[in-house]
Amino acid sequence: MSYYVLGIIASFCILASLAPFIPLAHGAVRVFDFGRLQLAVISLIAIIFVLALLPMNWISIAILAMLIGTLAIQSVYIVRFTPLWAKQSAWYHPDDTDRDVISLFVCNVKQGNRQYQNLIALIKEKDPDILVLMETDQEWVDALDASLSNYAHKITCPQDNSYGMYLASRLKMPRGDIKFLLNERIPSFHCTFEIKKGDIFDLISIHPDPPVPHRDTQGRDAEILVAGKIATKRKRPLIITGDLNDVAWSETTRRFLRISQMLDPRQGRGMFNSFDARFPLLRWPLDHVFHSEEFELVSIARQRHIGSDHFPMFYEFSLVFENDNSLPDDASTSDCEEAKTLIEAEKDRTRKPVGEEWED
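Here is the structure:
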């Protein structure tokens, strides 16, 4: 029985670890990008059971080989998001020329979640300069507007298809545009902010559709890469944030970073798993913030549960221009070609976003 059970576990673990190497942008494959930490933990526990319960023979050695292979593959991906890895985003250290600190609160509220006061109380507690929310329908907008009168600048795009978006800012906002990058039912925000010292920076928020087993992920991947392409043409410091429905270690996210030359503040610090707030054993980092090299990190923290399936995230940055950040590797020719192919293919499509009916 031990051989049978541990053999099944080992076989599943190694197959799930190898599946993401298949160069196919489809949810049935890409779903295995998500649970890397879980697979690493399962394989480690199973290795202990094999060593404790099974005599050493060719069967147990084969099981061990699959489990060790799983642990090795997953460790390559997740170690980047531990203190064992070098940080991309440098910590901000105040000096004689102290800069303003910019605080950013980001959350997917879950459209069907009606516990408005849980979120509003947390927003008032953290008191962010900029607030970016996703999955906001008209009911959410009404509840937020009634309670956040101290935010002078707002952009709202309420939708009942789980792709609504809401942004509020205390900072001056010379520009606040709503754009539909690749799908006419999925908005993105493109804003410019001015801080007290007169410095200006841009912010883009996106929320591409999630992967599902029965459909390709080209829409999600292409929208992430469009944001990366926009970043290459930036004229000012830039922050890109949102629920990307992709994990921090996926090939699409890594390609986005190489193309955009944006930085991930989680590298060298932690995963900051923001989804799924309802299930402690099934969590991964879906909610992201990336920044250009002009920023340094002051703080990053996951916030308490507010009734959504996502945890809110709170970030603080300082715009320092001269910094100790470490840039990603340069984009390869294949990165650029793959991005171009995905974006062009998605531009020619007209289809409903994934999950429009999930909150009905």
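With the first letter of the sequence shown counted as 1, position 164 gets the number 322 in our numbering; the numbers rise by one all the way through. The beta-carbon is built from N, C-alpha and C at its ideal position, and this holds for glycine as well.
Rounded to the nearest angstrom, what separates residue i and residue j at their Cα positions?
{"i": "K268", "j": "D467", "result": "7 Å"}
{"i": "L415", "j": "S218", "result": "41 Å"}
{"i": "V163", "j": "G270", "result": "40 Å"}
{"i": "N276", "j": "G465", "result": "7 Å"}
{"i": "L477", "j": "P366", "result": "28 Å"}
{"i": "P470", "j": "F433", "result": "10 Å"}
{"i": "F192", "j": "P443", "result": "9 Å"}
{"i": "E517", "j": "E342", "result": "19 Å"}
{"i": "K330", "j": "I353", "result": "7 Å"}
{"i": "Q196", "j": "I231", "result": "13 Å"}
{"i": "K510", "j": "G165", "result": "41 Å"}
{"i": "T294", "j": "M214", "result": "57 Å"}
{"i": "P252", "j": "E451", "result": "17 Å"}
{"i": "Y321", "j": "D401", "result": "10 Å"}
{"i": "R392", "j": "F351", "result": "14 Å"}
{"i": "L182", "j": "R194", "result": "18 Å"}
{"i": "K387", "j": "D445", "result": "20 Å"}
{"i": "A210", "j": "L222", "result": "12 Å"}
{"i": "F437", "j": "R460", "result": "15 Å"}
{"i": "I417", "j": "A304", "result": "40 Å"}
{"i": "F479", "j": "G334", "result": "23 Å"}
{"i": "Y147", "j": "P316", "result": "Summary: the structure shown does not reach residue 147, with the chain confined to residues 159 through 518, and so no result is reported for it."}
{"i": "P395", "j": "F207", "result": "51 Å"}
{"i": "S175", "j": "A326", "result": "41 Å"}
{"i": "Y309", "j": "I344", "result": "25 Å"}
{"i": "N481", "j": "R257", "result": "12 Å"}
{"i": "T240", "j": "D493", "result": "26 Å"}
{"i": "T399", "j": "R412", "result": "15 Å"}
{"i": "F453", "j": "L280", "result": "25 Å"}
{"i": "W216", "j": "D488", "result": "44 Å"}
{"i": "R328", "j": "A220", "result": "60 Å"}
{"i": "L439", "j": "P332", "result": "43 Å"}
{"i": "K312", "j": "T508", "result": "30 Å"}
{"i": "L234", "j": "S484", "result": "Note that residue 234 is Val in the sequence shown here, rather than Leu. Rounded to the nearest angstrom, the two C-alpha atoms are 19 Å apart."}
{"i": "K282", "j": "T390", "result": "35 Å"}
{"i": "D506", "j": "L306", "result": "40 Å"}
{"i": "R238", "j": "E502", "result": "31 Å"}
Tell me which same chain residues have a C-beta within less than 6 Å of the C-beta of residue i, skipping the five on either side of it?
{"i": "S346", "result": "K337, L339, I364"}
{"i": "S261", "result": "P286, D287, E474"}
{"i": "T410", "result": "D379, I382, D404"}
{"i": "L291", "result": "C265, V267, Y324"}
{"i": "F472", "result": "F263, K284, A459, Q461"}
{"i": "L361", "result": "C349, I397"}
{"i": "V259", "result": "V456, E474, S476"}
{"i": "I180", "result": "V187"}
{"i": "S490", "result": "none"}
{"i": "D374", "result": "A183, H184"}
{"i": "V512", "result": "D367, P368, V370"}
Since I believe residue j is in contact with residue i (beta carbons under 8 Å), could you give me their beta-carbon distance rounded to a whole number of angstroms?
{"i": "Y250", "j": "L455", "result": "6 Å"}
{"i": "L302", "j": "F263", "result": "Actually they do not touch by this definition, with Cβ atoms about 12 Å apart."}
{"i": "I278", "j": "W407", "result": "About 33 Å separates the two Cβ atoms, so there is no contact after all."}
{"i": "A504", "j": "Q376", "result": "Per the sequence presented here, residue 504 reads as Glu, with Ala not at that position. Sure, about 5 Å apart at Cβ, within 8 Å."}
{"i": "R188", "j": "P369", "result": "5 Å"}
{"i": "V447", "j": "P486", "result": "Incorrect: roughly 15 Å between the Cβ atoms, too far for contact."}
{"i": "M420", "j": "H449", "result": "6 Å"}
{"i": "A204", "j": "I172", "result": "11 Å between Cβ atoms; not a contact."}
Short of 7 Å in beta carbon distance, which residues of its chain neighbour residue i, apart from the five on each side in sequence? Order them along the chain.
{"i": "T314", "result": "V299, Y324"}
{"i": "N431", "result": "R441, W442, P443"}
{"i": "S169", "result": "M224"}
{"i": "A435", "result": "H463, S466, D467, H468, F469"}
{"i": "F190", "result": "A174, A177, P178"}
{"i": "D318", "result": "D295"}
{"i": "D357", "result": "L477"}
Suppose the cutoff is 8 Å on Cβ atoms and the five residues either side in sequence are ignored; what does the same chain contact list for residue i look like?
{"i": "E297", "result": "R272"}
{"i": "H372", "result": "G185, A186"}
{"i": "L212", "result": "S160, Y161, L164, S218, I221"}
{"i": "K355", "result": "R257, D258"}
*Is the region 382-389 touching the region 492-500 in the sense that three or more CB pairs, one from each, lie closer than 8 Å?*
yes
*Segments assigned beta strand (DSSP E), at least 3 residues, entirely inside the region 358-419*: 358-363, 396-401
*Enumerate, from N- to C-terminal direction, the unbroken beta strand (DSSP E) stretches of 3 or more residues contained entirely within the region 306-353.*
311-315, 323-327, 330-337, 346-352
*Mind the definition here: the region 423-435 touches the region 229-249 only if three or more C-beta pairs lie below 8 Å; say whether that holds.*
yes
*Between the region 197-204 and the region 223-230, do at least 3 Cβ pairs fall closer than 8 Å?*
yes
_Contiguous beta strand (DSSP E) assignments of at least 3 residues, all confined to the region 467-509_ = 471-477
*With a floor of 3 residues, list each beta strand (DSSP E) that falls wholly inside the region 162-206, ordered by position along the chain.*
none
*What are the uninterrupted segments assigned as beta strand (DSSP E) that are 3 or more residues long and contained completely in the region 231-299, given in chain order?*
259-266, 288-292
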